[in-house]
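Numbering of the sequence shown is given in UniProt numbering, commencing with residue 1 and proceeding in unit increments. Structure record follows, encoded as structure tokens.
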Amino acid sequence: MRLEVENLTYSYGEKEAADQVSLKVDRGEFVGIIGPNGSGKSTVLKNIYRALTPDSGTILLDGENLLSMPYKKSARKLAVVGQENEVPFDFTVEEIVAMGRSPYKKLFDIDTPHDRQMVHHALEHLGMDQMAKRSYLRLSGGEKQRVLIARAIAQECDFFVLDEPTNHLDIRYQMQIFDFIKRLQVTVLSAIHDLNLAALYCDRLYVMKNGRVVLEGTPEEVLTPEHISEVYGVASTVEVHPLTGKLAITFLPEELQKQKLEGQRGNLRWAEKKREGAA
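As structure tokens, this is what we get:
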């Protein structure tokens with residue numbers, strides 16, 4: 001499954017939230033979109049999973065125009081996991097997961113043996129088969145997200161779009177959710193708020209600011225102190241973690257930023273004096 005987005009533009013009234021955005025995701029990749037709040041990450045994803053319609057641009061899925069594809073067909077190719085979904089009624093876990101089978105059904109079709117098998121498989125895959133009859137509304141935030149991933153698995157899609165699915169969860173559940181998705185070995189495009197999670201799980205990153213893609217590349221190419229300062233306006237240190245082999249980012253509080261800046265200025269003054277003395 002390959003996704004290609006070319007020159008996607010979308011505006012909320014007078015405000016251009018996505019401006020000529022281009023990106024691609026190859027089969028098997030885990031690609032992240034990062035950037036400050038309001039940079040356009042979720043807007044781009046909503047256009048890709050068709051909650052919004054672009055003002056201009058093209059979106060191709062395996063070479064086929066996604067925007068003109070029948071909705072049921074696109075739902076059989078692309079599954080969406082967003083932030084915790086509110087449901088108006090008290091469905092069971094099993095009923096929520098079974099909603100992932102709707103792209104394969106007509107309006108009044110009943111569940112087939114294959115539908116029931118896929119729901120059971122999805123719940124079992126996430127270790128939730130014993131929770132099938134529990135109320136979705138009574139689950140914790142992390143458990144609800146696992147149910148939504150199970151629903152996506154039940155869709156039998158090879159491509160997952162994740163719209164900041166862990167943003168409101170504690171760190172244990174954030175890592176658990178991404179670990180589950182990584183083990184599925186599907187193609188993933190995800191908006192991610194936490195840069196350390198992006199460094200840990202993503203193969204490539206697109207950085208957005210003010211509705212535009214301003215950087216792209218591997219985490220090592222993108223997540224440098226200089227780039228982080230330019231995009232987020234904060235100082236940081238970036239090191240390779242000895243156990244994970246991935247980048248670990250530490251953000252510096254304002255006082256340490258001032259001390260670091262003063263130290264740099266002091267080094268410059270010392271170097272200038274040394275040059276003057278040598279002269």
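We put the beta carbon where it would ideally sit given N, CA and C, even for glycine.
{"query": "First and last residue of the uninterrupted beta strand (DSSP E) at residue 239", "result": "236-240"}
{"query": "Assumed close pair residue 137, residue 170 - CB separation to whole angstroms, cut-off 8 angstroms", "result": "With a Cβ gap of about 20 angstroms, residue 137 and residue 170 do not count as contacting."}
{"query": "Validate contact between the stretch 46-56 and the stretch 3-10 using beta carbons, cut 8 angstroms, 3 pairs", "result": "yes"}
{"query": "Completely contained alpha helix (DSSP H) runs for the stretch 184-246, where each covers 4 or more residues", "result": "195-201, 219-222, 225-232"}
{"query": "Residue 145, enclosing alpha helix (DSSP H) - first and last residue", "result": "141-154"}
{"query": "The beta strand (DSSP E) enclosing residue 31, as first and last residue numbers", "result": "30-34"}
{"query": "Contact between the stretch 14-22 and the stretch 208-215 (3+ Cβ pairs under 8 angstroms)", "result": "yes"}
{"query": "Beta-carbon proximity of residue 99 to residue 156, cut-off 8 angstroms", "result": "no"}
{"query": "8 angstroms Cβ cutoff, residue 207 in contact with chain D", "result": "Of the protein chains in the structure, only one exists, and it is not chain D."}
{"query": "Nearest residue (CA-CA) to residue 127, options 72, 150, 77", "result": "150"}
{"query": "Residue 43 (DSSP reduced to helix, strand or coil)", "result": "helix"}
{"query": "Alpha carbon of residue 62 to alpha carbon of residue 111, nearest angstrom", "result": "29 angstroms"}
{"query": "Option nearest residue 87 by Cα separation, candidates 158, 130, 144, 59", "result": "144"}
{"query": "Cβ-Cβ distance between residue 35 and residue 207 below 8 angstroms", "result": "yes"}
{"query": "Rounded C-alpha distance that separates residue 116 from residue 104", "result": "13 angstroms"}
{"query": "For residue 17, three-class secondary structure by DSSP", "result": "strand"}
{"query": "Continuous alpha helix (DSSP H) stretch holding residue 87: start and end", "result": "Per DSSP, residue 87 belongs to no alpha helix (DSSP H) and is neither H nor E."}
{"query": "Burial state of residue 130 (16 or more Cβ within 10 Å)", "result": "exposed"}
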